[in-house]
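**Student:**
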Amino acid sequence: MSQWDGIEEFVAVAQQGSFKRAAEVLGLSSSHVSRAVMRLEERLQSTLFFRTTRQVSLTDTGRSLFQHCEQLVQDRDEAFALIGGDREPVGELRVTCAVSLGERFVAPIVRSLMQDYPRLSVTVDLSNQRRDLVADGFDMAIRTGVMDDPRYIQTLIARRNWQVCASHTYLAEHKKPKTVEDLASHECVMGSSETWKFEVDGEPVMFRPKGRFKCNSGSAVVEAVKAGLGICQLPDFYLSEGIASGELVPLLKKSLPPAEPVWAVYPQRRHLMPKVQKLVERLRAELGPAMGGAPLETE
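Residue numbers for the sequence shown follow our numbering, beginning at 2 and rising by one.
And the structure:
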């Protein structure tokens with residue numbers, strides 16, 4: 002008897018919440034799945050599920066085992082598919098991304114990928130906290146700026162530009178800034194960043210904004226700026242519509258920083274998986290245009 006006996010059935014029941022649905026997914030009989038799980042419980046001398054006539058739920062022991070075994074089963078399936086030449090993405094892909102970038106751009110691209118690959122399921126975690134991909138079990142993160150963690154591979158998937166803007170209402174009451182230094186005498190509407198980045202005469206310049214309103218939502222910052230509360234610096238996808246409509250006035254155009262890189266970041270052991278490769282390819286082709294730029298493959 003192998004130590005693996007019953008593990009696949011156990012994981013399927015935990016995922017489906019039902020012996021019957023697990024059997025359907027595995028292409029086995031319900032009685033086979035039930036016996037396999039019972040034998041596993043006997044070997045471990047632990048109850049893995051609470052069973053009622055209506056539902057099945059994990060015990061604390063079962064939950065602990067599931068957390069360790071789910072990824073093992075998935076990795077096995079992906080390894081077999083890879084060795085067998087199956088390049089179609091299968092299994093679950095776990096992605097973490099900042100809220101604004103994820104809601105506006107990454108989630109729609111992920112949805113289109115799933116429509117093309119019906120054996121792929123995706124969990125998208127939207128958080129402005131930087132997750133530990135290895136410890137938290139993520140396959141990929143979408144991140145911006147400088148990446149320097151040797152545990153991860155990083156692939157450039159897009160670039161995003163920044164703008165500085167204010168409303169006509171604000172500028173009617175305050176002198177328009179002509180240099181970065183002029184911002185010190187202005188009310189600034191701040192997002193999640195503690196510093197604003199600029200480039201003057203080819204050299205990077207950092208500015209620490211001050212103001213009465215701060216919010217970690219870019220959309221809320223834009224509305225505050227439209228209401229005349231001050232000047233903001235944000236990625237241009239937040240501001241392009243307001244600039245086009247005339248509600249917002251772009252400022253300090255000659256001092257804006259270079260385009261910021263957007264990276265797909267993933268653990269070393271994930272880079273060969275078809276599910277990771279396909280999403281990276283899709284992001285390289287579609288994320289830049291979605292943010293108003295060009296796909297990287299045309300560069």
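Every residue gets a Cβ at the ideal spot worked out from N, C-alpha and C, and that includes glycine. These figures come from a predicted structure and were not determined experimentally.
Buried or exposed: where does H344 fall if 16 or more other Cβ atoms within 10 Å of its Cβ makes it buried?
**Tutor:** This structure cannot settle anything about residue 344, because the visible part of the chain is limited to 2 through 300.
**Student:** Spell out whether any CB of chain B is found under 8 Å from the CB atom of W5.
**Tutor:** Checking the listed chains, one finds no chain B in this structure; it contains a single protein chain.
**Student:** Would you check if the stretch 152-164 and the stretch 213-223 touch, i.e. whether three or more CB-CB distances between them fall below 8 Å?
**Tutor:** No, the stretch 213-223 is not in contact with the stretch 152-164.
**Student:** To which residues of the same chain is G18 closer than 7 Å at the C-beta, ignoring the five residues directly before and after it?
**Tutor:** Once the five neighbours on either side are set aside, the close Cβ partners of G18 are Q56, V57.
**Student:** Excluding five sequence neighbours on each side, which residues of the same chain lie with their C-beta closer than 7 Å to the C-beta of E25?
**Tutor:** The answer is none, since no qualifying residue turns up.
**Student:** Could you tell me if P178 is buried or exposed, where buried requires 16 or more neighbouring beta carbons within 10 angstroms of its beta carbon?
**Tutor:** Per the 10 Å Cβ criterion, buried.
**Student:** So what does DSSP say about L94, is it helix, strand or coil?
**Tutor:** Three-state DSSP puts L94 in a strand.
**Student:** From the DSSP output, in three-state form, read off Y267 for me.
**Tutor:** Residue state, collapsed to three classes: strand.
**Student:** Name the DSSP bridge partner or partners of D126?
**Tutor:** BP columns for D126 point to T97.
**Student:** What's the C-alpha gap between K176 and L114?
**Tutor:** Whole-angstrom Cα-Cα distance: 48 Å.
**Student:** Between the C-alpha atoms of M292 and V266, what's the straight-line distance to the nearest angstrom?
**Tutor:** Approximately 19 Å, taken between the alpha carbons.
**Student:** Identify the continuous beta strand (DSSP E) that holds A153 and give its terminal residues.
**Tutor:** Position check: residue 153 holds Tyr in this sequence, whereas Ala was assumed. Note, Y153: beta strand (DSSP E), 153-161.
**Student:** Which first and last residues belong to the beta strand (DSSP E) in which R52 is found?
**Tutor:** Where R52 is concerned, the enclosing beta strand (DSSP E) stretches over 50-52.
**Student:** Strictly by DSSP, which residues pair up with R120?
**Tutor:** None, per the DSSP bridge assignment.
**Student:** Express the C-alpha separation of A173 and T299 in angstroms, rounding to a whole number.
**Tutor:** Low confidence applies here, because T299 scores a pLDDT of 47, under 50, leaving its location unreliable; read the following figure in that light. For T299 and A173, the distance between alpha carbons rounds to 42 Å.
**Student:** Helix, strand or coil: which one does DSSP assign to F20?
**Tutor:** Of the three classes helix, strand and coil, the one that applies to F20 here is helix, per DSSP.
**Student:** Determine the extent of the alpha helix (DSSP H) in which L172 is found, giving its start and end residues.
**Tutor:** Its alpha helix (DSSP H) spans residues 169-174.
**Student:** Distance, Cα to Cα, E42 vs A142?
**Tutor:** Their Cα atoms are separated by approximately 36 Å.
**Student:** In chain order, which alpha helix (DSSP H) runs of at least 4 residues are fully inside the stretch 218-281?
**Tutor:** For the stretch 218-281, whole alpha helix (DSSP H) runs of length 4 or above, ordered along the chain, are 219-227, 237-246.
**Student:** Look at D140 and V277 and say whether their C-beta atoms are less than 8 Å apart.
**Tutor:** Yes, the Cβ-Cβ distance between D140 and V277 is below 8 Å.
**Student:** Going straight from the alpha carbon of S194 to that of R283, what length do you get?
**Tutor:** For S194 and R283, the distance between alpha carbons rounds to 28 Å.
**Student:** Hey, P236 and R161 are a contact pair by Cβ (cut 8 Å); roughly how many whole angstroms apart?
**Tutor:** Yes, P236 and R161 are in contact; Cβ-Cβ is about 5 Å, under 8 Å.
**Student:** Can you tell me the Cα-Cα spacing of H69 and R22, whole angstroms?
**Tutor:** Near 22 Å, if we compare the C-alpha coordinates of R22 and H69.
**Student:** When we look at the beta-carbon of M207 and count the other beta-carbons within 10 Å, is it buried (16 or more) or exposed?
**Tutor:** Counting Cβ neighbours within 10 Å, M207 comes out exposed, since fewer than 16 surround it.
**Student:** What do you get for S101, buried or exposed, if any count of 16 or more other CB atoms within 10 angstroms of its CB means buried?
**Tutor:** The residue is buried, with at least 16 neighbouring Cβ atoms inside 10 Å.
**Student:** Use the C-beta contact count for F51: other C-beta atoms within 10 angstroms, 16 or more gives buried, fewer gives exposed.
**Tutor:** Burial call: exposed.
**Student:** With a 10 Å radius around its C-beta and 16 neighbouring C-beta atoms as the bar for buried, classify R81 as buried or exposed.
**Tutor:** The identity of residue 81 in the sequence shown is Phe, whereas the question assumes Arg. So F81 ends up on the exposed side.
**Student:** What are the boundary residues of the beta strand (DSSP E) that includes V38?
**Tutor:** Looking at the DSSP string, V38 is not in any beta strand (DSSP E); the run it does join, the alpha helix (DSSP H), is 31-45.
**Student:** Can you say whether E287 is buried or exposed, counting buried as having 16 or more other CB atoms within 10 angstroms of its CB?
**Tutor:** Classification for E287: buried.
**Student:** Who are the Cβ neighbours of S122 in its own chain at under 6 Å, not counting the five residues just before and after it?
**Tutor:** E93.
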